[in-house]
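Single-structure report; data block below.
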């Protein structure tokens with residue numbers, strides 16, 4: 019039997035310029051048994067990745083326009099180090115279109131309800147498991 023996101027106890031990295039949003043999302047995952055790391059810039063997350071200062075993540079949630087450099091570069095480097103990493107990209111810019119997303123990647127326009135973010139993360143991590151409302 020597959021387990022939901024509440025039971026998996028994985029590791030998630032959250033990157034967003036909004037510190038309150040980072041705290042909200044990391045707390046949501048912590049309350050579900052996940053280990054979390056949060057960053058307000060992609061450069062800080064990249065530095066932690068390069069210094070092995072983070073546990074290998076199962077899921078990386080990143081604002082497409084997070085300050086500190088190209089998020090795509092961070093994702094590429096994270097996936098080189100952690101093959102099979104799942105990524106959830108967010109953007110408040112409606113002009114950013116989720117075209118040609120790499121495998122194991124989902125996209126959500128902001129603002130996003132925390133419950134919707136959890137649903138998308140669940141579907142990304144367990145694609146064959148039906149999601150109930």
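Residue numbers (this note's numbering): 19 to 151.
Even for Gly, the Cβ is constructed at its ideal location relative to N, Cα and C.
Item, Value
"Where the alpha helix (DSSP H) containing residue 136 begins and where it ends", "132-143"
"For residue 30: DSSP bridge partner residues", "54 and 77"
"Stretch-stretch touch, CB-based, cutoff 8 Å, three pairs: the region 38-52 with the region 91-101", "no"
"Which residues DSSP lists as bridging residue 43, in chain order", "DSSP output for residue 43 lists no bridge partner at all."
"Neighbour-count burial assignment, residue 64, 16 or more Cβ in a 10 Å radius", "buried"
"Nearest-angstrom Cα separation, counted from residue 112 out to residue 31", "24 Å"
"Residue 133 to residue 53 span [Cα, whole Å]", "19 Å"
"Inter-residue Cα distance where the pair is residue 69 and residue 93", "16 Å"
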